[in-house]
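First the structure, in the form of structure tokens, and then the observations on it.
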Amino acid sequence: MTTQPILSLKNVTKGYPGMPVLNGIDLDVAEGEFIAILGFSGTGKTTLISLIAGLASPDSGEVTIRGKAVDGPGLETSLVFQSYSLFPWLTVEGNVALAVDAVHKGKTKQERAALVRRTVELVGLGHAMDRKPSELSGGMRQRVSVARALAMKPEILLLDEPLSALDALTRAKLQNEIDRIREQEKRTIILITNDVDEALLLADRVAILEPQPSGKIGRIFDVNIPRPRERTALNHDEAFKALRSKIANYLDDLNTARNNAGGDDCQLPQIAPITGLNPPKAYLDAAKSGLERRYLEFFKVNKVYPTPKGPLTVVEDFTLLMDKGDFVSLIGHSGCGKSTALTMAAGLNSISGGGIVLDGHEISGAGPDKGVVFQSPSLMPWLTARQNVLAGVNRVYPHATRKERLEIVDYYLNRVGLGDSLDRLAAEMSNGMRQRVGIARAFALSPKLLLLDEPFGMLDSLTRWDLQDVLMEVWERTKVTAICVTHDVDEAILLADRVVMMTNGPNARIGKILHVDLPRPRDRKALLEHPKFYAYREEVLQFLADYEHGAHAEAA
14 MTTQPILSLK NVTKGYPGMP VLNGIDLDVA EGEFIAILGF SGTGKTTLIS LIAGLASPDS
74 GEVTIRGKAV DGPGLETSLV FQSYSLFPWL TVEGNVALAV DAVHKGKTKQ ERAALVRRTV
134 ELVGLGHAMD RKPSELSGGM RQRVSVARAL AMKPEILLLD EPLSALDALT RAKLQNEIDR
194 IREQEKRTII LITNDVDEAL LLADRVAILE PQPSGKIGRI FDVNIPRPRE RTALNHDEAF
254 KALRSKIANY LDDLNTARNN AGGDDCQLPQ IAPITGLNPP KAYLDAAKSG LERRYLEFFK
314 VNKVYPTPKG PLTVVEDFTL LMDKGDFVSL IGHSGCGKST ALTMAAGLNS ISGGGIVLDG
374 HEISGAGPDK GVVFQSPSLM PWLTARQNVL AGVNRVYPHA TRKERLEIVD YYLNRVGLGD
434 SLDRLAAEMS NGMRQRVGIA RAFALSPKLL LLDEPFGMLD SLTRWDLQDV LMEVWERTKV
494 TAICVTHDVD EAILLADRVV MMTNGPNARI GKILHVDLPR PRDRKALLEH PKFYAYREEV
554 LQFLADYEHG AHAEAA
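Numbering-wise (the numbering used here), the sequence shown opens with residue 14 and increments by one.
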């Protein structure tokens, strides 16, 4: 660079007792530049942003802003965290004013009030100045956090995964807000993100933070894509597709290198499960269904909830036929009834009208013939990974020996990459590891129907890629009939034979069905190069865009 960078990190290292985190970070950021930093969970992204903000000190090396060493929090930087920390008893105006009054003491009361209003309006909340956080959606609360950070007038705006906990529609709307702020405010912005598309949509450069033992910034990709960048239009942009593929392949190679599941010699015993409704004697008949076609039927399914204002129809006339071994993705904006349809199929939610038939029997309640993986892994924290899976296996394999039951448990835990963590307590595991246990438990029950309710929604997208691979690999072995609810367009296409798109609620119904004609087994690298992939992606993106301004669009 010909001019002095506004921010510079030189050979920065940081660790904690017994746990190295960052090792030799080098990065220069020009004034007005937008840098996105990508990395897997646990690679030290938050530690890095804390060093820049002066909330932590490096063990060695130096962080400088305009040539001056950062030795503590200062007015040069302002940080927006993943979870918005607002004072619940203050209004939107009050939360932002608190920061303005603390930082801009030299301004008059009228100047400070004008700055508050101008900043709140900048993030699109001028109409909500008098609302308290409890009256705001998650997306609106995160906008208040951004407004508060901007009102401090920092030279560098630091965003630590501020959108990762939000649904896809709200996330898209806030990405638009950040891009508008970039254009209007001309700030230097550093965004920590786990979303490749988000990085490419917003940033000038994308830096990859490599996991330990490296713990440093690896490749830096220049994003030479003209602005403004529009999501659906990018799907046609060859430069975008090529760069997206390069970054995805680079991350995939890093992931392959760091993962070593082991234990592949574990064998699955040749025994069949029973359902909770049949005696052990009948398990062979239950395992050999005569139905192949129309194995699962949703027929004119409705779900109505009573409300003080009268009945509310959430799902209306949901009709879907699935053959045995089909994999279907359900996608749509928040509030469109995806999870409601799934929980009715699981027998966890009563059906208001119509019916659901699985293998010739109408679903009337929950049972081990329906395996469910939720967004938040529901494990018993005081039990080990093996014990959590064994609790279900003991129920559906009462005729098996203990040795056979343990072989089933160990086989599926090995398949999801936990061969070296069989006896680790769930309480000691990361979210990603706990979700792997949940997937292993669902498959170990050998269910007739596998139901996945945004199983990777709480995980960073890089860990999500890893678990998508795990899910595909295990599904290829079992060919269990499966439905996956997701917000992620790529995930929906990668996993499924059909993508079922739902209209906005209330009165949500199936709006469109996309048949995915891509070869199996599927590999993400090959998929990104397949001529049909981006056409499928555009069809789903366009459907979602058409409904972006529907019944719940204003909630963000």
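Every residue gets a Cβ at the ideal spot worked out from N, C-alpha and C, and that includes glycine.
Which of helix, strand or coil does DSSP assign to residue 73?
-> strand
For residue 454 and residue 194, the rounded distance between their alpha carbons | 45 angstroms
Measure the alpha-carbon distance for residue 270 versus residue 226 and round it to whole angstroms.
-> 11 angstroms
Output yes if chain D places a C-beta closer than 8 angstroms to the C-beta of residue 415; else output no.
-> Protein chains in the displayed structure number just one, and chain D is not present.
8 angstroms Cβ cutoff met for residue 313 and residue 330 | yes
Does the count of Cβ pairs from the stretch 408-427 and the stretch 450-466 closer than 8 angstroms reach three?
-> yes
List the whole-angstrom C-beta distance separating residue 486 from residue 533, where the pair is believed to meet the contact cut-off of C-beta under 8 angstroms.
-> At roughly 11 angstroms, the Cβ-Cβ gap does not stay under 8 angstroms, so residue 486 and residue 533 are not in contact.
Hey, could you find the ends of the beta strand (DSSP E) residue 29 is sitting in?
-> 20-29
Closest Cα partner of residue 495 within the set 516, 472, 460 = 460
What are the start and end residues of each continuous beta strand (DSSP E) run of 3 or more residues lying completely inside the stretch 418-474, in chain order?
-> 462-466
Neighbour-count burial assignment, residue 548, 16 or more Cβ in a 10 Å radius = exposed
Using a Cβ-Cβ cut-off of 6 angstroms (strictly less than) and excluding sequence neighbours within five positions of residue 176, which residues of its own chain qualify?
-> 184, 187
What span of residues does the beta strand (DSSP E) with residue 387 cover, start to end?
-> No beta strand (DSSP E) contains residue 387, which DSSP labels as neither H nor E.
Ignore the nearest five residues each way along the sequence and tell me which others in residue 86's own chain have a CB closer than 7 angstroms to its CB.
-> 66, 67, 68
Going along the chain, which residues of its own chain have a beta-carbon closer than 6 angstroms to the beta-carbon of residue 218, five neighbours each way excluded?
-> 48, 233, 235
Bridge-paired residues (DSSP) for residue 64 = Looking at the DSSP assignment, residue 64 forms no beta bridge with any residue, so it has no partner.
Using DSSP with H/G/I as helix, E/B as strand and the rest coil, what is residue 529?
-> coil
Three-state secondary structure (DSSP) at residue 321?
-> coil
Does the distance from the C-beta atom of residue 531 to that of residue 512 stay below 8 angstroms?
-> no
List the whole-angstrom C-beta distance separating residue 207 from residue 51, where the pair is believed to meet the contact cut-off of C-beta under 8 angstroms.
-> 7 angstroms
Nearest candidate by alpha-carbon position, reference residue 572, set 417, 465, 62 | There is simply no residue 572 to check, as the chain begins at 14 and stops at 569 in what is shown.
How about the stretch 74-82 and the stretch 244-257: do they share at least three Cβ pairs that are nearer than 8 angstroms?
-> no
So, helix, strand or coil for residue 42, using DSSP?
-> strand
Taking the C-alpha atoms as reference points, what is the distance between residue 412 and residue 419?
-> 13 angstroms
For residue 515, which option in 324, 347, 200, 307 has the closest C-alpha, if you only look at C-alpha atoms?
-> 347
Does the beta-carbon of residue 320 have 16 or more other beta-carbons within 10 angstroms, so that it is buried, or is it exposed?
-> exposed
For residue 354, count neighbouring Cβ atoms within 10 angstroms of its own Cβ and tell me buried if that reaches 16, exposed if not.
-> buried
CB-CB under 6 angstroms to residue 521, same chain, minus the five flanking residues each way: which ones, in chain order?
-> 328, 349, 350, 515
Give the DSSP-derived three-state secondary structure of residue 220 in the structure shown.
-> strand
Contact check, residue 160 vs residue 128, beta carbons under 8 angstroms | no
Would you identify the three-state DSSP class for residue 209, choosing helix, strand or coil?
-> helix
Which word fits residue 24, buried or exposed, when buried means at least 16 other C-beta atoms lie within 10 angstroms of its C-beta?
-> exposed
For residue 356 and residue 318, the rounded distance between their alpha carbons | 14 angstroms
Look up residue 511 in the DSSP assignment and give the residues it is bridged to.
-> 341, 528
Where does the unbroken beta strand (DSSP E) through residue 371 begin, and where does it stop?
-> 366-371
Can you tell me whether residue 344 is buried or exposed, with buried defined as 16 or more other CB within 10 angstroms of its CB?
-> buried
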